[in-house]
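Participant: One structure coming up, written as structure tokens, with questions to follow.
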Amino acid sequence: MLKNMKVKMSLIMGFSVTVLVSIIIVVVSLVIMNIQSSSYQGIIDTEVRASDLVRTCRLQVNMTARYLRDVVLDPQGESGQQSATKTTDSLSPLSDYITELRSLNVLSDSTLIDDYISAVQVWGEAVPNIMNTALGGDQEEAIRMVQEECTPALTKVDDAASALQTAITAEQDSIVKRQENLVTISIVAIIAALILGTVLVMLLELRIIRSITGPVEEVRTALIGYSEGKLDLPVHFESKNELGDMCHALRTSQTVLSNVINDTNRLLEAMADGDFDVRTNAEESYVGALSGLLKSIRGINRSLSVALTQIQSSADQVSSGADQVSNSAQTLAQGATEQASAVEELSATITEIAQGAEEGVTLARDSSQLSNDASAQITVCSDLMQGTVGAMNDIKAAAEEVGTIIDSISQIAFQTNILALNAAVEAARAGVAGKGFAVVADEVRVLASKSDEASNATKERIEHAISAVQKGSEYVAEVSAALDKTVGMVNGAVAKMGDVADTTEHQAESIEQIREGISQISAVVQSNSATSEESAAASEQLSSQAQIMNQLMSKFRMRDYSAEGPMVTAPVHTNSGSVSSSDSFNGAGYDKY
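UniProt numbering puts the first residue of the sequence shown at 1, with every later residue one more than the last.
In structure tokens:
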């Protein structure tokens, strides 16, 4: 009964029982005291009163006998008259005393009372006769009556009074003894009742205390276990009162927290193993403030899944971009190789042109010297001039070939620039992973621009040389025509030969500049070739890293959030039992984890 009783009611019952037992003991004590008081009052009203009446009667009898004696001794004297009056006055109350004594019924056996009353009455009847005899003048008769009637009757009254007094005293002592025994029994009963009541109250209080301290101790142990992370400490107490509700709530909280912790560990271990497509198995346990934990885990899963998906997509793009960069770099390297071959051929051609120009300078100088030495050798000079014209034509043809080669170099440089731009675009699409390739692409584009500038400069110089050669050819033709027309124009021809020599020297200088430009182009082409090889190697390394990243990403099992659509947050169970869904994780989520 106490197990399912409310704590307040059990405490009230404990105090009520204590107060009730105390009241009962006090009431019983008061009743016993009232009974004892009534008993003693009865003794006073009966036995004590009877004893007093007997003593009073004896006293009155003795006083009346003394007054009667005085009357008998001096019946005619004044004292005798006064004694007679006193005798009559003293004798009159005896009848009242006797009547009262009879009404008390002090003894269960009224024989002694009847004997005493009879003796008093006999003596009382003799007293007036004796007093009248004495007052009538017959003193001797009165004396005789006193001796023969009054004294024996007085003796019987005294004996009866003594016997009655003894009987009343014995009865009084018996009653007092019984009352003392009753008092003793009452005291023992009160003490026993007090002890029994105390024991009962202590047992009841102990039962109440145990009914409270037992579950409280279980709750205390469980809460201490809570603080130490132990959620499996048992709470066995069950009842229908507040303590039972508290223990039930504690057991429920242990179950809820254990389910939440186990489920959270399972979710986090799965995500740690790369499985992001994991679902909760205990959503109903995430109540109240615990729903925020599930919402946070869902947010973490969503963020990591989206980030890893983007990383995987970026890895694919990097891999594709690396392949494109590698192909472009290989194409660029092949073009650089072709440029190097073309530059080598151009360099050999320019060397030949330089040698021809040097020979032309030598021939011009020789022709001028021979013209100064003798006009007779004009014919030889004319022949030489014809050779010079042929050499100049060869130089013009070689210069035109150089222009064609320069055009090829410009076209290769333009294609290299286009390839570098494509590589830069693909590196930009690769993001951070393609940053290094963007730098390489920029360097290739710069080198291609320099190659284009150098080829344009070389082309301008070659065009200038061709123009000079053309002019030289025209000059030689004019000189030859002049030699054919007139020998007199030898001095002019000599001057012209000097001009030819100077022009030839300028041509030699221009050809030397062309050869230096070609050397620069060769260096640029070699640099482009090395850069292209580095780009190819870097792109291959990037492709390898992208493949490694794809292998790593293949270990993760992603969740397709795009196929699930938007969600509201997990329901939040409030204390009132209602469900709240006002909060959301960044405005989106999913109804199941």
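C-beta atoms are modelled at their ideal positions from N, C-alpha and C, and glycine is treated no differently.
Q547: buried (16+ other C-beta within 10 angstroms of its C-beta) or exposed?
Facilitator: Translated into the one-based positions of the sequence shown, residue 547 becomes position 547. By the 10 Å Cβ count, Q547 comes out exposed.
Participant: CB K177 to CB A119, shorter than 7 Å?
Facilitator: Numbered from its first residue, the sequence shown carries residue 177 at position 177. Numbered from its first residue, the sequence shown carries residue 119 at position 119. Contact flag unset, no.
Participant: If you compare alpha carbons, which of A161, A270 and T46 is closest to N105?
Facilitator: Reading the sequence shown from its first residue, position 105 is the one you call residue 105. Comparing Cα positions, the closest option is T46.
Participant: Please list, in chain order, all residues of the same chain as L231 whose beta carbon is under 8 Å from its beta carbon, the five residues on each side excluded.
Facilitator: The residue given as residue 231 occupies position 231 in the sequence shown. Here the set comprises G225, Q254, L257, S258 and I261.
Participant: Which term fits A192, buried or exposed, when burial requires 16 or more other beta carbons within 10 angstroms of its beta carbon?
Facilitator: Residue mapping note: residue 192 aligns to position 192 of the sequence shown, counting from 1. A192 comes out exposed.
Participant: So what's G136 in DSSP terms, helix, strand or just coil?
Facilitator: To locate residue 136, count along the sequence shown from 1; it is residue 136. Coil at G136, not helix or strand.
Participant: According to DSSP, is P215 helix, strand or coil?
Facilitator: Here the question's residue 215 lines up with position 215 in the sequence shown. P215 falls in the helix class under three-state DSSP.
Participant: Considering only the alpha carbon of each residue, which of D263, F237, N241 and E242 lies closest to R251?
Facilitator: Taking the sequence shown and counting its residues from 1, the one referred to as residue 251 is at position 251. Nearest of D263, F237, N241 and E242 to R251, Cα basis: F237.
Participant: Using only CA atoms, which one of G274, T264 and S319 lies nearest to K295?
Facilitator: Position 295 of the sequence shown, counting from 1, holds the residue named residue 295. When each option's Cα is compared against that of K295, the closest is T264.
Participant: If I follow the unbroken alpha helix (DSSP H) through G80, where does it start and stop?
Facilitator: Along the sequence shown, read from residue 1 onward, the residue named residue 80 stands at position 80. Segment E78 to L91, the alpha helix (DSSP H) holding G80.
Participant: Are the CB atoms of I521 and A454 within a distance shorter than 7 Å?
Facilitator: Residue mapping note: residue 454 aligns to position 454 of the sequence shown, counting from 1. Residue mapping note: residue 521 aligns to position 521 of the sequence shown, counting from 1. Cβ distance < 7 Å, so A454 and I521 count as in contact.
Participant: Could you pull the start and end residues of the alpha helix (DSSP H) that A50 belongs to?
Facilitator: In the sequence shown, the residue the question calls residue 50 occupies position 50. R49 to L73 is the extent of the alpha helix (DSSP H) around A50.
Participant: Do you know offhand how far E100's Cα is from A84's?
Facilitator: Residue mapping note: residue 100 aligns to position 100 of the sequence shown, counting from 1. Residue mapping note: residue 84 aligns to position 84 of the sequence shown, counting from 1. Cα-Cα distance, rounded: 26 Å.
Participant: When the distance is taken between beta carbons, is L164 closer than 7 Å to V54?
Facilitator: Here residue 54 is taken as the residue at index 54 of the sequence shown, counted from 1. Here residue 164 is taken as the residue at index 164 of the sequence shown, counted from 1. Going by C-beta atoms, V54 is nearer than 7 Å to L164.
Participant: Does the beta-carbon of V440, which I'm using as the reference point, lie nearer than 6 Å to any heavy atom of the ligand PLP?
Facilitator: In the structure on display, the ligand PLP does not appear, and there are no ligands present to speak of.
Participant: I need the straight-line Cα distance from F276 to E533, nearest angstrom please.
Facilitator: Along the sequence shown, one-based indexing puts residue 276 at 276. Along the sequence shown, one-based indexing puts residue 533 at 533. Approximately 42 Å between the Cα atoms of the pair.
Participant: For L233 versus A249, is the C-beta spacing smaller than 7 Å?
Facilitator: One-based indexing of the sequence shown puts residue 233 at position 233. One-based indexing of the sequence shown puts residue 249 at position 249. For L233 and A249, no; Cβs fall outside 7 Å.
Participant: Using three-state DSSP, classify L233 as helix, strand or coil.
Facilitator: Reading the sequence shown from its first residue, position 233 is the one you call residue 233. Correct three-state label for L233: coil.
Participant: Have a look at A398 and S326 and give me their C-alpha separation to the nearest angstrom.
Facilitator: Working through the sequence shown from its first residue, we reach residue 398 at position 398. Working through the sequence shown from its first residue, we reach residue 326 at position 326. Each residue's Cα considered, the two are about 38 Å apart.
Participant: Helix, strand or coil, according to DSSP, for D109 in the structure here?
Facilitator: The residue you call residue 109 lines up with position 109 of the sequence shown. In the structure shown, D109 sits in coil (DSSP, three-state: anything other than H, G, I, E or B).
Participant: Determine the burial state of L196: buried for a count of at least 16 other Cβ atoms within 10 Å of its Cβ, exposed for fewer.
Facilitator: Counting from one through the sequence shown, the residue named residue 196 turns up at place 196. It counts as exposed.
Participant: To which residues of the same chain is M9 closer than 8 Å at the C-beta, ignoring the five residues directly before and after it?
Facilitator: As a working mapping, residue 9 is identified with position 9 in the sequence shown. Closer than 8 Å at the Cβ level, and outside the excluded window around M9, lies no residue.
Participant: Among the residues of its own chain, which have a CB less than 7 Å from the CB of T88, if the five just before and after it don't count?
Facilitator: In the sequence shown, the residue the question calls residue 88 occupies position 88. Excluding sequence neighbours, T88 sits near nothing in its chain.
Participant: Please name the residue, chosen from E228, N181 and N241, that lies closest to I208 on a Cα-to-Cα basis.
Facilitator: Counted from its first residue, the sequence shown places residue 208 at position 208. It is N241 whose Cα lies nearest to the Cα of I208.
Participant: To the nearest angstrom, report how far apart V389 and V402 are at their CA atoms.
Facilitator: If you number the sequence shown from 1, residue 389 lands on position 389. If you number the sequence shown from 1, residue 402 lands on position 402. In this structure, the alpha-carbon of V389 lies about 19 Å from that of V402.
Participant: Taking only three categories from DSSP, how would you classify G288?
Facilitator: To locate residue 288, count along the sequence shown from 1; it is residue 288. G288 falls in the coil class under three-state DSSP.
Participant: I'd like to check one pair, A448 with A427: are the Cβ atoms closer than 7 Å?
Facilitator: Counted from its first residue, the sequence shown places residue 427 at position 427. Counted from its first residue, the sequence shown places residue 448 at position 448. Not in contact: A427 and A448 (Cβ atoms no closer than 7 Å).
Participant: Mind the definition here: the stretch 509 to 519 touches the stretch 275 to 290 only if three or more C-beta pairs lie below 8 Å; say whether that holds.
Facilitator: The stretch 509 to 519 and the stretch 275 to 290 do not touch, with fewer than 3 CB-CB distances between them shorter than 8 Å.
Participant: Helix, strand or coil for E534, going by three-state DSSP, please let me know.
Facilitator: Residue 534 sits at position 534 when you count from the first residue of the sequence shown. In the structure shown, E534 sits in a helix (DSSP, three-state: H, G or I).
Participant: Cα-Cα, which of N456, A424 and D383 is closest to T404?
Facilitator: Here residue 404 refers to the residue found at position 404 of the sequence shown. Ranking the options by Cα distance to T404, first place goes to N456.
Participant: For M202, count neighbouring C-beta atoms within 10 Å of its own C-beta (all shown protein chains included) and say buried if the count is 16 or more, exposed if not.
Facilitator: The count along the sequence shown starts at 1 and reaches residue 202 at position 202. The residue in question, M202, is exposed, as its Cβ has fewer than 16 Cβ neighbours within 10 Å.
Participant: Assign Q339 to buried or exposed, taking buried as 16 or more other Cβ atoms, counted over all protein chains shown, within 10 Å of its Cβ.
Facilitator: Counting from 1 along the sequence shown, the entry for residue 339 is found at position 339. Here Q339 is buried: its Cβ has 16 or more other Cβ atoms, across all protein chains shown, within 10 Å.
Participant: Less than 7 Å separating the beta-carbons of D366 and A413?
Facilitator: Along the sequence shown, read from residue 1 onward, the residue named residue 366 stands at position 366. Along the sequence shown, read from residue 1 onward, the residue named residue 413 stands at position 413. No.
Participant: So, with DSSP's three-state summary, where would you put E148?
Facilitator: Here residue 148 corresponds to residue number 148 of the sequence shown, with the count starting at 1. Three-state DSSP puts E148 in a helix.
Participant: Shortest alpha-carbon distance to S174 belongs to which of E140, S108 and V188?
Facilitator: The residue given as residue 174 occupies position 174 in the sequence shown. Comparing Cα-Cα distances from S174 to each of E140, S108 and V188, the minimum goes to S108.
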